Amino acid sequence: MHFFKDLSLSAFTAGFVAVLVGFTSSVAIVFQAALALGATPAMVASWMWALGIGMGLCSLIPSLWLKKPVMVAWSTPGAAVLATAATAGGFGMAEGVGAFILCAALITVAGATGWFERIMNRIPLALASALLAGVLARFGLSGFAAAQSALPLVVLMLLAYLLGKRFLPRYAVPLTLLVAIVFVASRAEFTGADIQFGLTMPVWVTPSFSLAAFISMSLPLFVVTMASQNLPGVAAIQAAGYADRRQEGGDAGIPISKVITLTGLVTLVLAPFGAFALNLSAITAAICMGPEAHSNPARRYTAAASCGAIYMVIGLFGAAITGVLTAFPKELVAAIAGLALLGTVGGALTAALKDDTNREAALITFLVTLSGVVIAGVGSAFWGVVAGGIALLVQHYGRTTPAGT
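Each residue of the sequence shown is one higher than the last, beginning at 349 in the working numbering.
1. Return the bridge partner residues of residue 329 from the DSSP annotation.
2. Classify residue 752: buried if its beta carbon has 16 or more other beta carbons within 10 angstroms, exposed otherwise.
3. In whole angstroms, what is the alpha-carbon distance linking residue 625 and residue 529?
4. Keeping to the same chain, check which residues put their C-beta closer than 8 Å to that of residue 538; ignore five residues upstream and five downstream.
5. For a test of the three-state rule: what should DSSP assign to residue 751, helix, strand or coil?
6. By alpha-carbon positions, which one of 547, 503, 515 ends up nearest to residue 527?
7. Counting Cβ pairs closer than 8 Å, one from the segment 385 to 397 and one from the segment 435 to 450, do we hit at least three?
8. Run through the segment 496 to 546 for me and flag every whole alpha helix (DSSP H) of 4 or more residues, listed as ranges in chain order.
9. Could you compute how far the alpha carbon of residue 392 sits from the alpha carbon of residue 619?
10. Note down the Cα distance separating residue 644 from residue 698, rounded to an integer number of angstroms.
11. Grab me the residues of residue 397's own chain with a C-beta within less than 8 Å of its C-beta, minus the 5 sequence neighbours each way, in chain order.
12. Please report the distance separating the alpha-carbon of residue 326 from that of residue 573.
13. Around the Cβ of residue 602, are there at least 16 other Cβ atoms within 10 angstroms (buried) or fewer (exposed)?
14. Of all the options 600, 629, 588, which has the alpha carbon lying nearest to the alpha carbon of residue 608?
15. Are the beta-carbon atoms belonging to residue 467 and residue 427 less than 8 Å from one another?
16. Can the beta-carbon of residue 658 be found closer than 8 Å to that of residue 369?
17. Let me confirm a value: residue 445 is counted as buried when at least 16 other C-beta atoms fall within 10 Å, else exposed. Which label applies?
18. Can you have a look at residue 367 and say buried or exposed, based on whether 16 or more other CB atoms are within 10 angstroms of its CB?
19. Expressed to the nearest angstrom, what Euclidean distance is found between the alpha-carbon atoms of residue 496 and residue 490?
20. What three-state label does DSSP hand residue 711 in the structure shown?
21. How long is the line joining the alpha carbons of residue 642 and residue 435, rounded to whole angstroms?
22. Whose C-alpha, out of 351, 353, 354, 364, is nearest the C-alpha of residue 633?
23. Can you name the residues that DSSP bridges to residue 367?
24. Quick check on DSSP: helix, strand or coil for residue 602?
25. Here's the rule I'm using: 16 or more other beta-carbon atoms within 10 Å means buried, otherwise exposed. How should residue 337 be labelled?
26. For residue 484, which residues in the same chain have their Cβ closer than 8 Å to its Cβ, ignoring the five residues on either side in sequence?
27. Select from 704, 702, 375 the residue whose C-alpha is nearest the C-alpha of residue 395.
28. Is residue 726 helix, strand or coil when you go by DSSP?
29. Which residues in the same chain as residue 431 place their Cβ atom closer than 6 Å to its Cβ, once the five residues preceding and following it in sequence are excluded?
30. Pick helix, strand or coil for residue 745, following the three-state DSSP scheme.
31. Residue 403: which of 652, 703, 685 sits nearest, CA to CA?
32. Below 8 Å on the Cβ atoms is my guess for residue 343 versus residue 714; work out the distance and round it to an integer in Å.
33. Decide yes or no for the touch test of the segment 410 to 423 against the segment 710 to 730: beta carbon pairs closer than 8 Å, at least 3 of them.
34. Can you tell me whether DSSP reads residue 473 as helix, strand or coil?
35. Can you look up residue 552 in the DSSP assignment and give me helix, strand or coil?
36. Since residue 425 and residue 576 are thought to touch, with beta carbons under 8 Å apart, how far apart are those beta carbons, to the nearest angstrom?
Below you can see the structure in the form of structure tokens.
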């Protein structure tokens, strides 16, 4: 099978790091959303089952089929919206599942009609690259900020990464992760974990539909998933060179509309078990789409496929795997994420700022996105693009480009 021939240690490690970063950085928010809707412990485990299976299938199958790194994750800002709305509105799990289904239907329509992809294709590459750099730079900052509470660990990881890049560049991230794990284990700094072995059993919840739940949960969940998750997810695909280039005589790339449609359909099927919203990934996608995953872009799909396979294992053994992954110190997770994303952040910034014509607009997009500002419940990724678009409009609308420039 071509997959095993194309697979490398660096690609598999990239997939594992993507899971580690994506899971541990936001699983607490997912738990909070489930509990706010009145979930029992069995229902919380079912959410992990549904989300793990959903993310796994949507990442593994398209990656193997297309030979492109397709990365899908849960909607972290969507989970935060659910937690807030459920607490404020007093909604229960049945109404929550109804809201998940309606949101999934909206995502499916957005993908099937292709309107979201058409909007993204109108965003200049400089702004899309600046958007991605702004999203990822926050993780880079968090990685080095971890030195405040774990200076020896972060310094050791940085040295291991730099030495790895000097002598074994393909394996810099795997070696850094191994050094960090050995160091943490030697100091007995893994946090206590409640590990319960056994298959996770899905719990069906019959949906209940109401106008109040649609307005309070479905619509906000849809908006933040598209604006704060799918938007930077598409930017990650474009920046990594996996966008559709057929009109330019290039490769077909990742069919964005079809993948978004797939995430909507899979969410529809798994919503009664706890899958609230699946979407294109940005942070974890950058880890699997970057040169650290594999030097050959044509083989980076193995990193995404590995990530998908691990997600499915998490789904099947949700309780046990959750305990293992959450045992990693938060400083280790932050540092490995920051180091793994260094190359992608640098490349995105280079693409964003190299053109004098769009440089200021790109810089505005980058800074607004990096700020993390949230307005009307919508995250900074959306507002970064809005601010950059306004800058382009003000600076260039109605102006003609002089000949020869």
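Built from N, CA and C at the ideal position, the CB exists for glycine as well.
For clarity, every value in this text was computed on a predicted model and none was experimentally measured.
This is what the structure gives:
1. Residue 329 lies beyond the range of the chain shown here (349 to 753); nothing can be said about it.
2. Residue placement at residue 752 cannot be trusted, given a pLDDT of 44 that sits under 50; what the coordinates show is reported in the next sentence. Exposed: under 16 other Cβ atoms inside 10 Å.
3. 32 Å
4. 532, 675, 676, 677
5. Model confidence at residue 751 stands at a pLDDT of 45, short of 50, so the residue's coordinates are unreliable and nothing is read from them.
6. Of the candidates 547, 503, 515, the one whose C-alpha sits nearest the C-alpha of residue 527 is 503.
7. yes
8. 499 to 515, 520 to 534
9. 13 Å
10. 20 Å
11. Same-chain partners within the cutoff: 548, 549, 550, 621, 622, 663, 664, 666.
12. Outside the shown range of the chain (349 to 753) lies residue 326, about which nothing can therefore be said.
13. buried
14. 629
15. It is not a contact, given that the beta carbons lie outside the stated cut-off.
16. No, these two residues do not count as a Cβ contact at 8 Å.
17. buried
18. buried
19. 10 Å
20. Here residue 711 sits in helix by DSSP.
21. 44 Å
22. 364
23. Residue 367 pairs with nothing; no bridge assigned.
24. coil
25. Absent from the structure is residue 337, since the part of the chain shown begins at 349 and ends at 753.
26. 630, 631, 634, 689, 692, 693, 696
27. Comparing Cα positions, the closest option is 375.
28. strand
29. Annotation for residue 431: 380, 381, 384 place their beta carbon closer than 6 Å to its own, counting only its chain and skipping 5 residues before and after.
30. coil
31. Minimum Cα distance to residue 403 is reached at 652.
32. Given that the chain is displayed from residue 349 to residue 753, the structure contains no residue 343 and the question cannot be resolved.
33. no
34. helix
35. coil
36. 5 Å
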